[in-house]
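Visitor: Quick one: structure below, then a few questions.
Residue numbers (the working numbering), protein chains in the order written: chain A, 761 to 941; chain B, 44 to 145.
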């Protein structure tokens, strides 16, 4: 193993530990504010994975758009609603908790089995990629040529979601000021 | 490719997805359900980018960006619902939202 290889392994193990740890923290913490902060840690450690997979532009977009913009929106709403409400687990080992955990474990088990079966065949040989793999220019070119329709549909989805957000907020304000039915 | 192979990245992505699934099913606070939903989308994103690297094709990365945009849209609508619940003085608990209208 070369020195570079060992270095990448060390970075990978650190990123994997912080990724899985913060994912568990999101699910297990009672406080919604801390859960949101743990999700920011998860997003940043996933950006490290993206860098290791030579997806530089997606890593930058992840940190800017996700860990930046979307999570700030989450934190604003958590601050508005209040994070000290005591609503955490469904309460003890009920059938609901048991079913949720069993479903997640079964899902993980079958995914890992499928990956392990293919790990030595198809997944073992990653293709060599050029230095420009994953840079903004090539991704932009692909977005505006092969995936132009998807690009436009995404913009419509975002527009509709923004309008929907405004309508949801406006309706509840009207209901509050102008008499309840 | 230096470091671990593609299968390791797929394993971590699957684990994040499974943890997110458990969160969506176990938690009753819709804010934390939305956070767990973001976990699921990000696990899928990691798998997409790992496959893009494995096949040497950029299409997976383009689709990961599309997933990111859809996640932002989903967060806007979900958080709008939570704010509407808070404004109408409904307790923030999804079990109380079992019907669309009362």
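Using N, Cα and C, we set each Cβ at its ideal position, and we do this for glycine too.
Applying the 10 Å Cβ sphere with the 16-neighbour rule, what's the burial state of residue 762 of chain A?
Guide: Flag for residue 762 of chain A reads exposed.
Visitor: Check each candidate in A/817, A/823, A/828 and name the one with the smallest Cα separation from residue 106 of chain B.
Guide: Comparing Cα-Cα distances from residue 106 of chain B to each of A/817, A/823, A/828, the minimum goes to A/817.
Visitor: Does the region 811-828 of chain A touch the region 100-120 of chain B, meaning 3 or more C-beta pairs lie closer than 8 Å?
Guide: The region 100-120 of chain B is in contact with the region 811-828 of chain A.
Visitor: Could you check whether residue 826 of chain A and residue 115 of chain B sit closer than 9 Å to each other, using their CB atoms as the reference points?
Guide: The answer is yes: Cβ separation under 9 Å.
Visitor: For residue 66 of chain B, which residues in the same chain have their Cβ closer than 6 Å to its Cβ, ignoring the five residues on either side in sequence?
Guide: Only 79 meet the Cβ criterion.
Visitor: By the criterion of Cβ-Cβ separation under 8 Å, what are the contact partners of residue 875 of chain A in chain B?
Guide: Simply 50, 53, 54, 57.
Visitor: Just reading off the alpha helix (DSSP H) that residue 735 of chain A is part of, what are its end residues?
Guide: The question about residue 735 of chain A has no answer, for chain A in this structure spans 761 to 941.
Visitor: First and last residue of the alpha helix (DSSP H) that includes residue 73 of chain B?
Guide: 73-98 is the span of the alpha helix (DSSP H), which, as asked, contains residue 73 of chain B.
Visitor: So what does DSSP say about residue 134 of chain B, is it helix, strand or coil?
Guide: Residue 134 of chain B: coil per DSSP, three-state reduction.
Visitor: Would you say residue 101 of chain B lies against chain A (beta-carbon separation less than 9 Å)?
Guide: So yes, residue 101 of chain B belongs to the interface.
Visitor: Could you tell me whether the region 84-94 of chain B touches the region 55-62 of chain B, where touching means 3 or more Cβ pairs closer than 8 Å?
Guide: Verdict: yes, contact present.
Visitor: Taking the C-alpha atoms as reference points, what is the distance between residue 890 of chain A and residue 789 of chain A?
Guide: C-alpha separation (whole angstroms): 42 Å.
Visitor: So, do the region 913-927 of chain A and the region 115-130 of chain B have three or more beta carbon pairs nearer to each other than 8 Å?
Guide: These segments touch.
Visitor: Report the three-state DSSP secondary structure of residue 805 of chain A (helix, strand or coil).
Guide: Three-state DSSP puts residue 805 of chain A in a helix.
Visitor: With DSSP as the reference, label residue 882 of chain A as helix, strand or coil.
Guide: Residue 882 of chain A: coil per DSSP, three-state reduction.
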